[in-house]
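> Residue numbers (the working numbering), protein chains in the order written: chain X, 30 to 135; chain F, 0 to 204.
Cβ coordinates follow ideal geometry from the N, Cα and C atoms, glycine included.
No experiment lies behind these values; they were computed from the predicted model shown.
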Amino acid sequence: MTSAHKQPNYIGVFWWLLALTILEVGVIFMPMARLLIAILLVGMAMSKAALVAMYFMHLKFERRTLGLIAIIPLVLCVLLVFALLPDLSATPHRSTEPPQAPATSH
Amino acid sequence: MSQVAALHTAVDPAESPLTPESWGKLGMWMFLAGDAMSFGALLAGYGALRYGSADWPLPSKVLGVGLTAFMTFLLICSSVTMVLALAAIQRGDQRGLRNFLSLTVLGGVMFLGMQAYEWTHLIHDGLTLTGNPFGATLFGTTFFIITGFHGAHVTGGVIYLSCYLIQALRGRLGQGSANSIEIAALYWHFVDLVWILVFTFVYLL
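(1) Could you check what DSSP says for X/Ser76 in three-state terms: helix, strand or coil?
(2) Using beta carbons (cut-off 9 Å, strictly below), is F/Trp28 in contact with chain X?
(3) Let's see if you can read the secondary structure: which residues bound the alpha helix (DSSP H) around F/Gln114?
(4) In whole angstroms, give me the CA-to-CA distance for F/Asp34 and F/His149.
(5) Can you tell me whether F/Ser21 is helix, strand or coil according to DSSP?
(6) When you compare only the Cα positions, how much space is there between X/Gly96 and F/Asp124?
(7) Please compile the residues from chain X whose C-beta is within a distance smaller than 9 Å of the C-beta of F/Thr18.
(8) Can you tell me whether DSSP reads F/Ser77 as helix, strand or coil?
(9) Along the stretch 48-73 of chain F, what residues have a CB closer than 7 Å to any CB found in chain X?
(10) What would DSSP say about F/Ser15, mapped onto helix, strand or coil?
(11) In whole angstroms, what separates the C-alpha of F/Val190 from that of F/Val197?
(12) Under a CB-based cut-off of 9 Å, is F/Val79 close to chain X?
(13) Establish whether the CB of X/Leu52 and some CB of chain F are separated by less than 9 Å.
(14) Starting from F/Pro58, follow the alpha helix (DSSP H) in both directions and report where the run begins and ends.
(15) Name the chain X residues that come within less than 7 Å of F/Met36, Cβ to Cβ?
(16) Roughly how many whole angstroms lie between the Cα atoms of X/Arg93 and F/Asp54?
(17) Alpha carbon to alpha carbon, how far is F/Ile144 from X/Phe85? Give it in angstroms, no decimals.
(18) Is it right to say F/Glu14 is buried, meaning 16 or more other beta carbons lie within 10 angstroms of its own, or is it exposed?
(19) Give every residue of the same chain whose Cβ lies closer than 8 Å to the Cβ of X/Ala79, excluding the five residues on either side of it in the sequence, and list them in chain order.
(20) Give me the residue from F/Leu203, F/Leu160 and F/Phe133 with the minimum Cα distance to F/Leu105.
(21) Quick one: what does DSSP say X/Ile57 is sitting in, helix, strand or coil?
(22) Applying the criterion that 16 or more other CB atoms from any shown protein chain within 10 Å of the CB defines a buried residue, is X/Val104 buried or exposed?
(23) Output, in chain order, the set of chain X residues within a Cβ distance shorter than 8 Å of F/Ala43.
(24) Should F/Ile145 be flagged as near chain X, meaning a C-beta pair shorter than 9 Å?
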């Protein structure tokens, strides 16, 4: 037995995903502040992920508790980022030392 | 009816309370939740290493965004063909199931081919697990681990779906197998969902 629910408009979802992907690629070439670009990209990526989960994985038509199980990893990842914050506040370091100026001879 | 039985009339003891279709579907959701945490930890670690680095290169300058945008498009297309394959088996359309399942597997194989092409070019340019001529060494390490982990999932998905495709071509998948296809579809859509995030965080940001 499979879920008895009305089938969503899969092709409509496909067009949304395609449009958001094109917008994402376009945004990185726009003359905007890096922070604004990052906010837009994360927003669009989350929207695309939500579309796939809700309509392709049929989460929209499942019981709410199953949705809670699906959202837990996202919550834990946000917590992990906060747990890493003390390390993130350290001074950025270079993985390779910049070339040294040649020593002057006396 | 006893008092205990009266309290538990809503759920049959043999029925999964969250996914009445099957326990297998609930099992797949639990697996995917765990797998999502693995990807989440990798992406969070990537963010921490990048933030702490002063010479992290801008990914869009080093990696081929055009090619990976097309790979994203391919995976989205394969997700659509997967839901259409599921819809086909649910209405008993064997030909539709075979065609859409074949297209889904083809999309996965093409994705892997393009990833191999991308990796080959980057390695040729000097980007490896332990070396990066464009800046921070860990850029190469995190790039290959995250995309490699995802590529392994795509490979697993292609094998998983190929098993069902062979059964479909032999005419062994009837409407009664729709639940198994639905469970396989969940895995495939998850692989697509994760790539959407990897594409944004590793290639575009």
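Quick answer:
(1) helix
(2) yes
(3) It spans Gln93 to His123 - the alpha helix (DSSP H) in which F/Gln114 sits, taken as one unbroken run.
(4) Take the alpha-carbon of F/Asp34 and the one of F/His149: they are about 11 Å apart.
(5) coil
(6) Distance between the alpha carbons of X/Gly96 and F/Asp124 is about 43 Å.
(7) What F/Thr18 touches in chain X: Ser32, Glu91, Arg92 and Leu95.
(8) helix
(9) Tyr50, Gly51, Ser52, Ala53, Asp54, Ser59, Val64, Ala68, Thr71 and Phe72
(10) When DSSP states are grouped into helix, strand and coil, F/Ser15 belongs to the coil group.
(11) 10 Å
(12) Contacts with chain X at 9 Å (Cβ-Cβ) include F/Val79.
(13) no
(14) Pro58 to Val61
(15) Correct list: Pro102 and Leu105.
(16) Each residue's alpha carbon lies about 44 Å from the other.
(17) Going from the Cα of X/Phe85 to the Cα of F/Ile144 covers about 27 Å.
(18) Exposed is the call here.
(19) Closer than 8 Å at Cβ, skipping near neighbours: no residue.
(20) F/Leu160
(21) coil
(22) exposed
(23) Cys106, Leu109, Val110 and Leu113
(24) With 9 Å as the cut-off, F/Ile145 does not count as an interface residue toward chain X.
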